[in-house]
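Enquirer: My questions all concern the structure below.
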Amino acid sequence: MDDESLTVPAPGAVPAPGAVPVGADVHRALGLTDEEAAAIVAILGRPPNHVELAMYAVMWSEHCSYKSSRRHLGRLPTDGPHVLVGPGENAGVVDVGDGIAVAIRIESHNHPSAVEPYQGAATGVGGILRDIFTMGARPIALMDALFFGTLDDARTRWLMEGVVAGISGYGNSVGVPTVGGELTFAPGYARNPLVNVLCLGVLPVERLVLARATGAGNLAVLLGSPTGRDGIGGVSVLASAGFGGADDGAKRPSVQVGDPYEEKRLVEACLELLDRHLVVGVQDLGGAGLACATSETAGRAGMGMDVDVRAVPCREPGMAPYEVMTSESQERMLAIVTPADLDEVHAVCRRWEVRSAVVGVVTDPDPASGTGRLRILDGRGGHVLADVPAASLADDAPRYDRPLAPPRDLERRRADDPAALPAPADCTEDLLAMVLDPSWVYRQYDHQLFLNTVVAPGSDAAVLRLAAPGLPTSAKGLALSTDSNPRWCSVDPRRGTELLVAESALNVACGGARPLALVNCLNFGNPEHPEVMWQLSESVDGMAAACSALGIPVVGGNVSLYNESGGADIDPTPVVAVLGVVDRLERVPATVTLVEGASLVLVGGTRTELAGSRWAVERRDHRGGALADWDPHGHRRLLDAVVELVGRPGLLVGVHDVADGGLALALAELALRSEVGVRVGEVAGHGELFSEAPGRVVVATFEADRVVGMCRAAGLDARVLGEAGGDRVVVGDLVDVALAELRAAWRDQLAGALED
Amino acid sequence: MASFELLVEVRRREGIADPEGATVQRALPALGFDTVGRVRMGRAIRVEVEAPDEAAARAVGVSLANRLLANPVMEDSEILACRALPGAADAAPGAGEPR
Amino acid sequence: MASFELLVEVRRREGIADPEGATVQRALPALGFDTVGRVRMGRAIRVEVEAPDEAAARAVGVSLANRLLANPVMEDSEILACRALPGAADAAPGAGEPR
Amino acid sequence: MTATVGVVVFPGSNCEHDVVSGIERAGGHARLLWHQDPDLGDVDAVVLPGGFAHGDYLRAGALARFAPVMAAVTDFAAAGGPVVGICNGFQVLTEAGLLPGALQKNRGLRFVCATVPVEVSSTTTVLTELAGQGQVLALPVNHFVGSYTCDRRTLDELRAEERVVVRYVENPNGSLDDIAGICNPGRNVVGLMPHPERASDPLLGSVDGLVLLRSLLHAAAGAGAGAGAGAGPLLSAHDQPPISL
Ligand SMILES: Nc1ncnc2c1ncn2[C@@H]1O[C@H](COP(=O)(O)OP(=O)(O)O)[C@@H](O)[C@H]1O
Ligand SMILES: [Mg+2]
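Chains as they are written, first to last, in this note's numbering: chain A, -15 to 740; chain F, 12 to 110; chain X, 12 to 110; chain G, -7 to 237.
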C-alpha cells in the first residue's frame, strides 16, 4: 500500500462533492473492488476522500463485514426462551436463571498467528475478552481450539510453541483461566494454523448493556492504550488475504503486541463503570478500530457522532487521521457517557491507571435524511475530514452470493467406503499411534483461577461453578466443550457438522449439563472457490439442522475465510462450542476416570461406520465414504439419560463419550487418566472399535444392572462391555497392551516432539 | 538541559542459572551453528534522560539500574552507551506518554 | 581459530508497541525519576563464537540474530560489540556449558 | 475472636478474591487493601496474593514493591505481624527484601499449572504452626517465575535456621533445594509459590490448603492479642530494606 497516496486532504477541502479526487486505483490497493467503490460513491452522492475510503475499506473487508458468509448465516436458528442476545452483538447472552446471564463468544486469530504466533494468539485472547466485558460480563473462562500441521515439521513446532505460549502468557496474566480446548494436527494446517479462542463471562442479568450511542450530546470516551500504527490495513491485508508459498514476508505488516496488564486494568475499570451505572454503552475496539466502534455504536442507535481525531491519544507522533481511525491498537474501549458523569468516569479510570479521553460527541440524525452522520473532525470545531452516514459503514457493506458447487468427485468419494479396507490383525499399533496427552498444552494454562473449575481440562467438558464477585449466589454449574472434526467435514460438511453439534452436546451432557446454547467459528478456505462456498453452505445447513433438532440456539459466531496455503484450501473446519447448565452442582461429577473393579457399560447403539474416522484418514490415508446417519430423537434421549446418570449421586465412577478414535480411544483414555486397566470382552471388529459417530457413551459403575435398566427404560441400547482393573488394556482379541506402554506413547506424542 | 539515550545491559550474575541462554545454546547445533559456544540472555534497556551533561545522565542511569532495573540478588548491570540526542530538549517523547 | 564474544541487541522495531517499556516509564515519576523519558525494553544476548577473525565472528552473529534470536516481523537486531576472548581457544567456558 | 486478614490488591493482582474465599472457608475474615493505601487499618495479618502485579513487567514484583502499601506492610512485619506472600506475593516479598533470594523463570521455560505434593519442612512459622512436620499436602502451583534461587550463604542460613517452610516432593520448576516456600528469621513473614487458597474446597479436589490458612488465622489471632510484644522482627544483615516513597 502506498502510504503517500493516503495523506490527509488539505484543510477545508473536504467533503464538498468531488473535492478530493481519489486516484482511480487507490480503492483497489485498499482491497475494494470497482463495484464496491461505486457503491461508496452512491452512498455519499460524491466520490469519497482518502479518510472515508480507508474507513469503508476496513469496514467492508471480509473480516469485518462477513460479505461472503452473511447470507448463509441467516439460516441458523437463533431463538430460544433463554436467549437474551443472539448473533450480531459483541457476544451472545443467555439467561441461566437465578438472576444470572452468561455471555459467550468464539473468534479466530488465524492469520496473525501464522506470522507471529505468540503475539497473534495473545492478541486473539485480548480481543475475545473485550467482546465479553463489553456486554457487562466478567470474563471467567477461556478455551482455545488449535489446529497445526504435523509435529515432524520444524515450523509447526515453532508455531505451536509460540501459540500456546501466547495464550498462556496473555490469559494467565490478564487473570482469566483457560479451562479447555481442542488440539488437531493435520498437514493442511502447516502454513495456516487455526487459533480460535472462546471466552465466557457472567453478569447479573440487570447489568446487561448493549453497545449503543444513545442521547445526543453524550460523549464518546476512549479508554485504554494510546493509538499507534498497529495493524493499519491489517484488517484487509492480514485477516482477509491468504498466505502464498515462499513470500509470506511481503504480507507482513506491523505486528500487534498484546498488553495483558493494560487489559486487566481495562476489565476492572469497565466493570466498575458499569456497576456504578456511569456509562450508557461500551464497545470494544477490534478490527477496523475507531472507525468501527464509533460508526457501530452510533449506527445501532440511529444516531450520529462527531469524532475529533486530534483528541485521540497517540503512541507515535505524526499519525494521519486515516491511521488514527483505522488503527487496530489493542486494549482500547469506547464508552458512551453523559456529560454529568464524565468526571466520575475519569476518576474511576485514574484509580485503575487507565487513560481516558473524550474523543467524540453523539449527534442527532440529520433532520433532512433521518440518518446519523459520522463526522471526523480535525480538532474540536475544526475542519471536517470525513462525513458519512454512520450506519452505512456496517449496514451497507456488500453481500455476495458467491457461486458454490460441490466437488466434482463427490459421488465417487462417497462410494469409496473404508469398510472395504483390510481389517487389521492387531489393532494395538493403530491405537498406540492415536493416543495423545494434551496436558503439555493445558499445564501451561492457569485453569484453576477463581476457584470455579470443578472439572479441569482432560475430560469431556469443563465444568465450572457459576460464581463470581458481585454475582447472585447460585447452586448451578456451567459445562462447556469446544469441538471440531475437519476429517468428518471434509468427507461431508453437512453431515459432519451435524455430528459435530451432536458430539459437543454429548460432551456437555457427560459433564452433567443440559445443553443450552451454541457458538461457532467457521474456518474455511478461499470463498472465491465455489467448492469452499459449498462447504460453508453445507456446514451451515448441517449446524442449523442439528441445532434445531436438539433445541440448541446459535447465539454467536465468527467466520474466518481465506485459510489456504500454497493454493490449497484447508479442510472445512467449523468449530462449535456448546454451553450447558448443571442444575445443582453439589459434588464433583464423574469424569474420564476408572475405579478398579467397576463395570464398563456402553450406552447407545453399536456403530461400525469408519468414514472420516481417525483410523481411516490418519492411519489408512482414506478420505472417502459416507458418514454415519444419526437419529436426533435418539440423541436427545441419550443426552437426557446421560445427564440423569451423571446427576445421580455415586451412581457413576467414570464417564467418557465415544468420539475421536472411537471406542478404542475412549477406553484407552479412561485407563490412562486413572492408571487402571480395562478388560473388555467381545467387540464386533475394528469397525466397532474405531467408529466415531457420536451416540455412544462409556460409563463405569458398580451398579451396572441399574444403569442398564435405566437406559433401556429410556429406550436406549445399553450393555456391559467388561470391567476396569489390572494393568493392561485388553479388548477382545483386537487390542492387548500394557498400560505402561500405552502411557509412554500417550505422553510422548507432544512432550517427545516439543521438549528438548 | 540536554537529552541523552542510555543503553543499560542487565545480565545474570555468574553462577545464576540462565535457562533461556541454555535453551538457545542447545538449539544451535541442529541449526548448523556449530562454532557457537556459550549463550547468555540478558536485557537491553534504552532509556532517555534529561540531564545537564553526560556524566549526570550516566549517574541517573546507574541509580535507575541499581534501584529498579536489576535485582542485585541475581543480576548485574552496566551502562553500555550514552549518547546525546539531537535537539531533544523540546521534542516531546512519543511512546506511552503519561496522561 | 580464535574465540570472540559478541553482544547482540534485539529490540522492537520502531512503531511496534512496547507495553513493558511503556509501563516502566509510567512508573518512574512516582519513584522519583522525573527526568527519565522514553523507556524501551529489549534483549541483550552475549554469544561466544569460534572464528578465524573478527569479521567472521560478526558474520556468525548476524546470521544467528536473523535466524534465531529475533523475529524479523517485529524485531531488529544489532551487533553492539565483538571482542576477542583471551587465550580462549583452549579454555573451556564456564556455566551454561555446551552439552 | 476471629482474625481479620488484609489482602493487598495491586493493579494486575488476580487471586485476591480467591484468597478472601479461602480465608473465609478457614473461618476468618478478610478485607481487601489497595496498593495505594498508606496504612493497613485494623488487620491482624496480611496476605499478598497471586497474580501479575504491574503485569510482572521488568521482573515479577519489581514495580509492586514500591507501592505505598508496602511501606506499611514492612512496618507491620517489623512489628511481628504475620505476612504471607503467595506466588506473586512471594515474588513481591523477595523484591522488597522482606525475604532473601529471588525467583527465576521455571526450568523448562514454561508456565506450570498443576497440583503437586508439597512437604511441610518447618512447623514454627505463621503459616505452618498447625501442620505436621513432614506432612505432605496436595497444593496447586501456578507460575512461570517460580524457581527459587539465592547465594550459597543464604541457602546455608535458610537450612541452618530451618527457614525452608515447604519443599516440593516433585520439583516442578527447578527450584534450588526443592524450595517451595521460606520464612524470615522472625518466622512471621512467609513466602511460597503454591496456592493454599486453591485447595480449600472439596468441590475443587483438595482441602489440603486449609491447614495453612488456619495456621495463619491462628497466628493472626495471637499476634492481634499481643501485637508488638512478640518476638522481635529480625531483618538479617543482607536483607536490603525496601525504599519507601
Ligand atoms: N488446546 C487446548 N487447550 C486446553 N485444553 C485442551 C486443549 N486441547 C485439548 N484440551 C483438553 O484435553 C481434553 C481432551 O480433548 P479432546 O480430545 O478434544 O476432548 P473431546 O474429544 O472429549 O472433545 C479436553 O478436556 C480438552 O479441554
Ligand atoms: Mg468427549
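Note that CB positions come from ideal geometry on N, CA and C, so glycine has one too. Nothing here was measured: the structure is a model prediction, and the numbers come from that model.
Could you tell me whether the stretch 534 to 551 of chain A touches the stretch 174 to 193 of chain A, where touching means 3 or more Cβ pairs closer than 8 angstroms?
Expert: In short, these stretches touch, since the Cβ pair count reaches three.
Enquirer: Return the CA-CA distance between His9 of chain G and Pro97 of chain F, expressed in angstroms with no decimal places.
Expert: As a first step, residue 9 of chain G must be located in the fourth sequence, where it is residue number 17. As a first step, residue 97 of chain F must be located in the second sequence, where it is residue number 86. Rounded to the nearest angstrom, the two C-alpha atoms are 50 angstroms apart.
Enquirer: For Thr107 of chain A, which residues of its own chain have a beta-carbon under 7 angstroms away from its beta-carbon, when the five flanking residues on both sides are left out?
Expert: Numbered from 1 along the first sequence, position 123 holds the residue referred to as residue 107 of chain A. The residues are His93, Pro96, Gln240, Gly242, Gln314.
Enquirer: What does Arg24 of chain X touch in chain F if you count any residue whose Cβ is under 9 angstroms from its own?
Expert: Here the question's residue 24 of chain X lines up with position 13 in the third sequence. Those within 9 angstroms of Arg24 of chain X in chain F number zero; the least Cβ separation is about 13 angstroms.
Enquirer: Taking 7 angstroms as the threshold (beta carbon to beta carbon), is Phe15 of chain F in contact with chain X?
Expert: In the second sequence, the residue the question calls residue 15 of chain F occupies position 4. Cβ-Cβ to chain X under 7 angstroms: no for Phe15 of chain F.
Enquirer: Does the stretch 367 to 378 of chain A come within contact of the stretch 33 to 42 of chain A, defined as at least 3 CB pairs closer than 8 angstroms?
Expert: Yes: the two stretches touch, three or more of their Cβ pairs being nearer than 8 angstroms.
Enquirer: Using the C-alpha atoms, what's the distance from Ile151 of chain A back to Ala33 of chain F?
Expert: Within the second sequence, the letter at position 22 stands for residue 33 of chain F. Within the first sequence, the letter at position 167 stands for residue 151 of chain A. Answer to the nearest angstrom: the Cα atoms are 24 angstroms apart.
Enquirer: So for Leu122 of chain G, helix, strand or coil by DSSP?
Expert: The sequence position of residue 122 of chain G within the fourth sequence is 130, counting from 1. The answer is coil: DSSP assigns Leu122 of chain G none of H, G, I, E or B.
Enquirer: Using 8 angstroms as the Cβ pair cut-off and three pairs as the minimum, do the stretch 20 to 40 of chain G and the stretch 71 to 78 of chain G touch?
Expert: In short, these stretches touch, since the Cβ pair count reaches three.
Enquirer: Could you list the residues in the stretch 77 to 104 of chain G with a C-beta less than 8 angstroms from some C-beta on chain F, going in chain order?
Expert: From the stretch 77 to 104 of chain G, only Thr86, Glu87, Pro92, Gly93, Ala94, Gln96, Lys97, Asn98, Arg99, Gly100, Leu101 have a Cβ closer than 8 angstroms to chain F.
Enquirer: Closest Cβ-Cβ distance between Thr34 of chain F and chain X: below 7 angstroms?
Expert: Stepping through the second sequence from its first residue, residue 34 of chain F is reached at position 23. Not closer than 7 angstroms to any Cβ of chain X, the Cβ of Thr34 of chain F fails to qualify, so no.
Enquirer: So the beta strand (DSSP E) Pro132 of chain G belongs to, where does it begin and stop?
Expert: For the purposes of this step, residue 132 of chain G is taken as residue 140 along the fourth sequence, with counting starting at 1. Run containing Pro132 of chain G: 128 to 135, per the beta strand (DSSP E) assignment.
Enquirer: State yes or no: is the C-beta of Thr281 of chain A within less than 7 angstroms of the C-beta of Ala195 of chain A?
Expert: The residue labelled residue 281 of chain A in the question sits at position 297 within the first sequence. The residue labelled residue 195 of chain A in the question sits at position 211 within the first sequence. Against a cut-off of 7 angstroms, the Cβ pair of Ala195 of chain A and Thr281 of chain A comes out as a contact.
Enquirer: Mind checking Ala648 of chain A: buried by the 16 CB within 10 Å criterion, or exposed?
Expert: Against the first sequence, residue 648 of chain A aligns to sequence position 664. That one is buried.
Enquirer: Where do the N-terminal and C-terminal ends of the alpha helix (DSSP H) with Ser544 of chain A fall, by residue?
Expert: For the purposes of this step, residue 544 of chain A is taken as the residue at position 560 of the first sequence. Run containing Ser544 of chain A: none in the alpha helix (DSSP H); it sits in the beta strand (DSSP E), 538 to 544.
Enquirer: Under 7 angstroms between beta-carbons, which chain A residues line up against Ser13 of chain G? List them in chain order, please.
Expert: As a working note, residue 13 of chain G is residue 21 in the fourth sequence. Those are Leu435, listed as they occur along chain A.
Enquirer: According to DSSP, simplified to helix, strand and coil, what is Ser74 of chain F?
Expert: In the second sequence, the residue the question calls residue 74 of chain F occupies position 63. DSSP places Ser74 of chain F in helix when its eight states are reduced to three.
Enquirer: Using beta carbons (cut-off 7 angstroms, strictly below), is Gly228 of chain A in contact with chain X?
Expert: Here residue 228 of chain A is taken as the residue at index 244 of the first sequence, counted from 1. Because the pLDDT at Gly228 of chain A is just 35, under 50, the model does not fix this residue reliably, and the value given afterwards should be weighed accordingly. No, its Cβ sits nowhere closer than 7 angstroms to a Cβ of chain X.
Enquirer: Does the structure place the stretch 73 to 80 of chain X close enough to the stretch 37 to 47 of chain F that three or more beta carbon pairs sit under 8 angstroms?
Expert: Touching, yes.
Enquirer: Could you say if the stretch 244 to 260 of chain A and the stretch 57 to 66 of chain X meet the contact criterion of at least three C-beta pairs nearer than 8 angstroms?
Expert: With the cut-off at 8 angstroms, the stretch 244 to 260 of chain A and the stretch 57 to 66 of chain X do not touch.
Enquirer: Around the Cβ of Ser458 of chain A, are there at least 16 other Cβ atoms within 10 angstroms (buried) or fewer (exposed)?
Expert: Position 474 of the first sequence, counted from the start, is the residue given in the question as residue 458 of chain A. The residue is buried, with at least 16 neighbouring Cβ atoms inside 10 Å.
Enquirer: On the criterion of 16 or more Cβ atoms from any shown chain inside 10 Å, does Leu75 of chain F qualify as buried, or is it exposed?
Expert: To locate residue 75 of chain F, count along the second sequence from 1; it is residue 64. Buried, by the Cβ-count rule.
Enquirer: Taking C-beta to C-beta, are Pro402 of chain A and Gly609 of chain A nearer than 7 angstroms?
Expert: Residue numbering aside, residue 402 of chain A sits at position 418 when the first sequence is read from its first letter. Residue numbering aside, residue 609 of chain A sits at position 625 when the first sequence is read from its first letter. Yes, Cβ-Cβ distance for Pro402 of chain A and Gly609 of chain A is below 7 angstroms.
Enquirer: Which chain X residues sit within Cβ distance under 8 angstroms of Tyr140 of chain G?
Expert: Counted from its first residue, the fourth sequence places residue 140 of chain G at position 148. Ordered by position in chain X, no residue passes the 8 angstroms Cβ test against Tyr140 of chain G, which lies about 18 angstroms from the chain.
Enquirer: Alpha carbon to alpha carbon, how far is Ala729 of chain A from Leu586 of chain A? Give it in angstroms, no decimals.
Expert: Within the first sequence, numbered from 1, the residue matching residue 586 of chain A stands at position 602. Within the first sequence, numbered from 1, the residue matching residue 729 of chain A stands at position 745. Going by the C-alpha atoms only, they are around 26 angstroms apart.
Enquirer: Along the chain, where does the alpha helix (DSSP H) containing Leu207 of chain A start, and where does it finish?
Expert: In the first sequence, residue 207 of chain A corresponds to position 223, counting from 1. Careful: Leu207 of chain A lies outside any alpha helix (DSSP H), inside the beta strand (DSSP E) at 203 to 208.
Enquirer: Taking 6 angstroms as the cut-off, is the CB of Ala409 of chain A close to at least one heavy atom of ligand 3?
Expert: Ligand 3 is not part of this structure, which contains only ligand 1 and ligand 2.
Enquirer: Is Glu61 of chain X close to chain F? Criterion is C-beta to C-beta, closer than 7 angstroms.
Expert: Here residue 61 of chain X is taken as the residue at index 50 of the third sequence, counted from 1. With 7 angstroms as the cut-off, Glu61 of chain X counts as an interface residue toward chain F.
Enquirer: Please determine, among G:Ile171, G:Arg159, G:Pro164, the residue with the shortest C-alpha to C-alpha distance to Thr141 of chain G.
Expert: As a first step, residue 141 of chain G is located in the fourth sequence; it is residue number 149 there, counting from the start. Of the candidates G:Ile171, G:Arg159, G:Pro164, the one whose C-alpha sits nearest the C-alpha of Thr141 of chain G is G:Ile171.
Enquirer: Keeping to the same chain, check which residues put their C-beta closer than 6 angstroms to that of Ile24 of chain A; ignore five residues upstream and five downstream.
Expert: Numbered from its first residue, the first sequence carries residue 24 of chain A at position 40. The answer, listed in chain order, is Pro32, Tyr40.
Enquirer: Could you give the distance in angstroms between the alpha-carbon of Leu656 of chain A and the alpha-carbon of Glu725 of chain A?
Expert: If you number the first sequence from 1, residue 656 of chain A lands on position 672. If you number the first sequence from 1, residue 725 of chain A lands on position 741. Their backbone Cα atoms lie some 10 angstroms apart in a straight line.
Enquirer: Look at the alpha carbon of Tyr49 of chain G and the alpha carbon of Cys7 of chain G, and state the distance between them as a whole number of angstroms.
Expert: For the purposes of this step, residue 49 of chain G is taken as the residue at position 57 of the fourth sequence. For the purposes of this step, residue 7 of chain G is taken as the residue at position 15 of the fourth sequence. Looking at the two C-alpha atoms, the distance is approximately 18 angstroms.
Enquirer: For Asp400 of chain A, I'd like the list of residues in its chain whose CB is within less than 8 angstroms of its CB, leaving aside the five on either flank, ordered along the chain.
Expert: In the first sequence, the residue the question calls residue 400 of chain A occupies position 416. Closer than 8 angstroms at the Cβ level, and outside the excluded window around Asp400 of chain A, lie His606, Gly608, Gly609.
Enquirer: With Tyr160 of chain G as the anchor, note down where its beta strand (DSSP E) starts and where it stops.
Expert: Stepping through the fourth sequence from its first residue, residue 160 of chain G is reached at position 168. Its beta strand (DSSP E) spans residues 156 to 160.
Enquirer: Indicate whether Gly215 of chain A and Glu300 of chain A have their beta-carbon atoms separated by less than 7 angstroms.
Expert: As a first step, residue 215 of chain A is located in the first sequence; it is residue number 231 there, counting from the start. As a first step, residue 300 of chain A is located in the first sequence; it is residue number 316 there, counting from the start. Cβ distance not < 7 angstroms, so Gly215 of chain A and Glu300 of chain A don't count as in contact.
Enquirer: Do you know whose CA, among A:Val69, A:Pro441, A:Asp82, A:Ala98, lies nearest Ile741 of chain A's CA?
Expert: Lying before the first or after the last residue shown, residue 741 of chain A is absent from chain A, which here runs from -15 to 740.
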